[in-house]
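The listed protein sequences correspond, in order, to chains X and Y. So for the first sequence, my numbering puts the first residue at 1062; every next one is plus one. So for the second sequence, my numbering puts the first residue at 1270; every next one is plus one. C-beta atoms are modelled at their ideal positions from N, C-alpha and C, and glycine is treated no differently. Input: a single structure, listed below in structure tokens.
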Amino acid sequence: DAMVIQNPRYQVTQFGKPVTLSCSQTLNHNVMYWYQQKSSQAPKLLFHYYDKDFNNEADTPDNFQSRRPNTSFCFLDIRSPGLGDAAMYLCATSRATGGRYNEQFFGPGTRLTVL
Amino acid sequence: EDQVTQSPEALRLQEGESSSLNCSYTVSGLRGLFWYRQDPGKGPEFLFTLYSAGEEKEKERLKATLTKKESFLHITAPKPEDSATYLCAVKNTGRRALTFGSGTRLQVQP
Chain X
1062 DAMVIQNPRY QVTQFGKPVT LSCSQTLNHN VMYWYQQKSS QAPKLLFHYY
1112 DKDFNNEADT PDNFQSRRPN TSFCFLDIRS PGLGDAAMYL CATSRATGGR
1162 YNEQFFGPGT RLTVL
Chain Y
1270 EDQVTQSPEA LRLQEGESSS LNCSYTVSGL RGLFWYRQDP GKGPEFLFTL
1320 YSAGEEKEKE RLKATLTKKE SFLHITAPKP EDSATYLCAV KNTGRRALTF
1370 GSGTRLQVQP
């Protein structure tokens, strides 16, 4: 089945220790997104890629970076995690066609704990 | 700035007790309103897309409707397995990303 896969599902890191989260998709969608979701809150968009075009949200901290080496993979790098970065990180994909951005499909998420 | 407000924040129903969840939105040029279901510790699961006022979509016990200011997710004769958080999101003409509401936590008791 076509899907969005995130690894690892659970990640524990230490304060200030860099961490990388991974997302892959078999849907062949041209848009990939990274969201941060804290408990009982709405998902908050960090950035997205339209093909290779990177789009950062204005309020995304510089501590968060992303890479998309090919259509299928996208990575979220947190350079110096703080306690406030503990959250669920969601990857999503969608297909943009003729100016219409279709529904987004989400992966299962990576739960990040910062000690 | 786009805004999405969902109500109630939490809803507890008895099995078989029908109800509706509300999603009020303010957006500059709606290009789609999306409903998702999210189970604890999991990513949101896509349910429906609505594009224009008057549009309705149905799936099993769920029915989504759309007006120019709000959307409703009607749940008919819910079962315990319908327990989840239901998220509403909108997309406007100028952004590629969605703006999400905070969700309604639904609990259906047997």
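Note to self: Could you give the first and the last residue of the continuous beta strand (DSSP E) run that contains Y/R1365?
What the structure shows: On the second sequence, position 96 is the one that residue 1365 of chain Y refers to. Where Y/R1365 is concerned, there is no enclosing beta strand (DSSP E), given that its DSSP letter is neither H nor E.
Check: Taking the beta strand (DSSP E) that Y/E1314 falls in, what are its first and last residues?
Finding: In the second sequence, the residue the question calls residue 1314 of chain Y occupies position 45. Start and end: 1314-1319.
Checklist line | Any chain A beta carbon closer than 8 Å to X/F1134 | finding: Absent here is chain A; the protein component of the structure consists of chains X and Y.
Notebook entry, point to check: Between the C-alpha atoms of Y/Q1307 and Y/R1300, what's the straight-line distance to the nearest angstrom?
Noted result: Sequence index remark: in the second sequence, residue 1307 of chain Y carries index 38 (1-based). Sequence index remark: in the second sequence, residue 1300 of chain Y carries index 31 (1-based). The straight-line gap from Cα to Cα measures roughly 22 Å.
Check: Thinking C-beta only, is Y/C1292 closer than 8 Å to Y/S1371?
Finding: For the purposes of this step, residue 1371 of chain Y is taken as residue 102 along the second sequence, with counting starting at 1. For the purposes of this step, residue 1292 of chain Y is taken as residue 23 along the second sequence, with counting starting at 1. Their beta carbons are not under 8 Å apart, which means Y/S1371 does not touch Y/C1292 by this criterion.
Checklist line | DSSP beta-bridge partners of Y/R1330 | finding: As a working mapping, residue 1330 of chain Y is identified with position 61 in the second sequence. In DSSP, Y/R1330 forms no bridge with anything.
Check: For Y/Q1376, which residues does DSSP report across the bridge?
Finding: The residue you call residue 1376 of chain Y lines up with position 107 of the second sequence. According to DSSP, Y/Q1376 bridges with Y/R1281.
Next item on the list: Taking the CB atoms as reference points, tell me whether X/S1133 and X/Q1086 lie closer together than 8 Å.
Entry: Taking the first residue of the first sequence as position 1, residue 1133 of chain X is located at position 72. Taking the first residue of the first sequence as position 1, residue 1086 of chain X is located at position 25. In this structure, X/Q1086 lies closer than 8 Å to X/S1133 by Cβ.
Check: chain Y partners of X/L1151, CB-CB under 8 Å?
Finding: Working through the first sequence from its first residue, we reach residue 1151 of chain X at position 90. Chain Y residues near X/L1151: G1312, P1313.
Note to self: List, in chain order, every chain Y residue whose beta-carbon is nearer than 9 Å to that of X/G1077.
What the structure shows: Here residue 1077 of chain X refers to the residue found at position 16 when the first sequence is read from its first residue. Under the 9 Å cutoff, chain Y gives no residues; its nearest Cβ is about 26 Å from X/G1077.
Margin query: Once DSSP output is grouped into helix, strand and coil, what is the label at X/L1088?
Written below: Numbered from 1 along the first sequence, position 27 holds the residue referred to as residue 1088 of chain X. Of the three classes helix, strand and coil, the one that applies to X/L1088 here is coil, per DSSP.
Check: Span of the beta strand (DSSP E) holding X/L1173?
Finding: Here the question's residue 1173 of chain X lines up with position 112 in the first sequence. First-last of the beta strand (DSSP E) with X/L1173: 1171-1175.
Next item on the list: Would you check if the distance between the CB atom of X/C1152 and the CB atom of X/M1064 is smaller than 8 Å?
Entry: Position 91 of the first sequence, counted from the first residue, corresponds to residue 1152 of chain X. Position 3 of the first sequence, counted from the first residue, corresponds to residue 1064 of chain X. Cβ distance not < 8 Å, so X/C1152 and X/M1064 don't count as in contact.
Next item on the list: Can you tell me which of the three DSSP states Y/E1350 falls into?
Entry: Residue mapping note: residue 1350 of chain Y aligns to position 81 of the second sequence, counting from 1. In the structure shown, Y/E1350 sits in a helix (DSSP, three-state: H, G or I).
Item checked: Nearest neighbour of Y/G1373, chosen from Y/Q1272, Y/P1347, Y/L1280, Y/E1270 [CA to CA] -> As a first step, residue 1373 of chain Y is located in the second sequence; it is residue number 104 there, counting from the start. For the sequence presented, residue 1373 of chain Y should be read as Thr rather than Gly. Comparing Cα positions, the closest option is Y/L1280.
Notebook entry, point to check: Beta-carbon separation of Y/K1328 and Y/L1319 under 8 Å?
Noted result: By one-based count along the second sequence, residue 1328 of chain Y stands at place 59. By one-based count along the second sequence, residue 1319 of chain Y stands at place 50. Not a contact, by the Cβ cut-off of 8 Å.
Notebook entry, point to check: In chain order, what residues of the same chain lie with their CB nearer than 6 Å to the CB of Y/L1282, ignoring the 5 residues before and after it?
Noted result: Residue 1282 of chain Y sits at position 13 when you count from the first residue of the second sequence. Result list for Y/L1282: S1288, P1347, V1377, in chain order.
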